[in-house]
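Enquirer:
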Amino acid sequence: MSSSMPQVPKKAKLSIVLLAAGSSSRLGQAKQLLPFKDTTLVRHRVATITRALGNEHNFFVVTGAKREEVRTELAGLSYTEVYNDQFSEGMSTSIKAGLACLPTDAEAVMFLLVDQPFVSEKHLSEMVGKWLNDKSKVLGAAYSGIIGVPAIFPRSYFEQLLLLKGDQGARKILKNLSDAEVLSYPLPEASIDLDTLEDLKAIGL
Numbered sequence: 001m002s003s004s005m006p007q008v009p010k011k012a013k014l015s016i017v018l019l020a021a022g023s024s025s026r027l028g029q030a031k032q033l034l035p036f037k038d039t040t041l042v043r044h045r046v047a048t049i050t051r052a053l054g055n056e057h058n059f060f061v062v063t064g065a066k067r068e069e070v071r072t073e074l075a076g077l078s079y080t081e082v083y084n085d086q087f088s089e090g091m092s093t094s095i096k097a098g099l100a101c102l103p104t105d106a107e108a109v110m111f112l113l114v115d116q117p118f119v120s121e122k123h124l125s126e127m128v129g130k131w132l133n134d135k136s137k138v139l140g141a142a143y144s145g146i147i148g149v150p151a152i153f154p155r156s157y158f159e160q161l162l163l164l165k166g167d168q169g170a171r172k173i174l175k176n177l178s179d180a181e182v183l184s185y186p187l188p189e190a191s192i193d194l195d196t197l198e199d200l201k202a203i204g205l
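If you read the sequence shown in full-length UniProt numbering, its first letter stands for residue 1, the second for the next number, and so on.
So this is what it looks like as structure tokens:
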């Protein structure tokens with residue numbers, strides 16, 4: 001994995017990582033570049049996250065497939081790019097790339113997905129606020145009977161994240177946590193992701 005990023009000021013204990021590197025093989029086209037609300041999905045997600053959290057926390061975007069096109073779409077927005085040159089090997093490589101870029105004093109990381117377009121500024125701000133009340137626990141979004149991403153992992157869980165392989169994502173860890181280890185934030189909007197053409201049709205794309 002290689003990284004292209006400027007020196008990051010160590011201003012925040014919580015870092016934000018948007019996973020936007022996948023090639024979207026099931027969809028058959030790069031979901032990052034799908035049109036959404038007069039822009040593209042990736043620009044919409046980065047702008048939303050920046051408005052909600054970017055001024056208070058280090059914000060990283062993990063790129064991979066269609067890197068140059070994604071960078072063009074994000075022109076003028078404030079974020080730090082981390083390029084994952086192993087993106088074709090699965091989501092775990094993007095999670096590891098994101099972890100590798102964190103400031104040494106990071107207390108936790110919040111992982112977000114590029115294809116959850118209805119996760120709003122309000123949702124993100126409330127999730128971070130809830131986590132700040134009990135920073136020892138993982139906080140995940142509750143939807144469709146599961147706890148999933150967006151999710152915040154304290155540093156004590158970084159080692160488990162680094163053990164993920166292939167296309168395993170953070171949900172593998174979340175589903176094995178006890179009730180005493182995890183906080184949940186009701187977020188039915190997170191169930192709307194974009195993996196297939198049927199998903200696109202369901203939201204009118």
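We put the beta carbon where it would ideally sit given N, CA and C, even for glycine.
#1: What does DSSP give as the partner residues of SER88 in its beta bridges?
#2: Considering only residues of the stretch 41-109, which uninterrupted alpha helix (DSSP H) runs meet the minimum length of 4 residues and lie entirely inside it, listed in chain order?
#3: Is DSSP giving LYS137 helix, strand or coil here?
#4: Pull up the distance between the alpha-carbon of LEU74 and that of ALA170, whole angstroms please.
#5: What are the start and end residues of each continuous beta strand (DSSP E) run of 3 or more residues lying completely inside the stretch 105-190, in chain order?
#6: Rounded to whole angstroms, how far is the Cβ of PRO150 from the Cβ of PHE111, which I believe are closer than 8 angstroms?
#7: Would you identify the three-state DSSP class for LEU19, choosing helix, strand or coil?
#8: Can you tell me the Cα-Cα spacing of GLU81 and THR63, whole angstroms?
#9: Tell me which same chain residues have a C-beta within less than 7 angstroms of the C-beta of GLY166, skipping the five on either side of it?
#10: Please classify SER78: is it buried, with 16 or more other beta-carbons within 10 angstroms of its beta-carbon, or exposed?
#11: Per DSSP, LEU14 forms a beta bridge with which residues?
#12: Leaving out five residues before and five after SER144 in sequence, what residues of the same chain have Cβ atoms less than 7 angstroms from its Cβ?
#13: Expressed to the nearest angstrom, what Euclidean distance is found between the alpha-carbon atoms of VAL17 and SER178?
#14: Excluding five sequence neighbours on each side, which residues of the same chain lie with their C-beta closer than 6 angstroms to the C-beta of LYS11?
#15: Label LEU132 either buried or exposed according to how many other C-beta atoms from any shown protein chain fall within 10 Å of its C-beta, with 16 as the threshold for buried.
#16: Note down, in chain order, each residue of its chain lying with its Cβ closer than 6 angstroms to the Cβ of ILE173, except the 5 sequence neighbours on either side.
Expert: For this structure:
#1: According to DSSP, which records beta bridges pairwise, SER88 is partnered with nothing at all.
#2: 41-49, 67-73 and 91-100
#3: coil
#4: 25 angstroms
#5: 108-113, 138-143, 146-154 and 182-186
#6: 7 angstroms
#7: strand
#8: 7 angstroms
#9: GLU89, GLY90 and SER92
#10: exposed
#11: ALA108
#12: SER191
#13: 24 angstroms
#14: Note that LYS11 scores 39 on pLDDT, short of 50, meaning its location in the model is unreliable; the coordinates nonetheless yield the value given after this. Here the set comprises nothing.
#15: exposed
#16: GLN160
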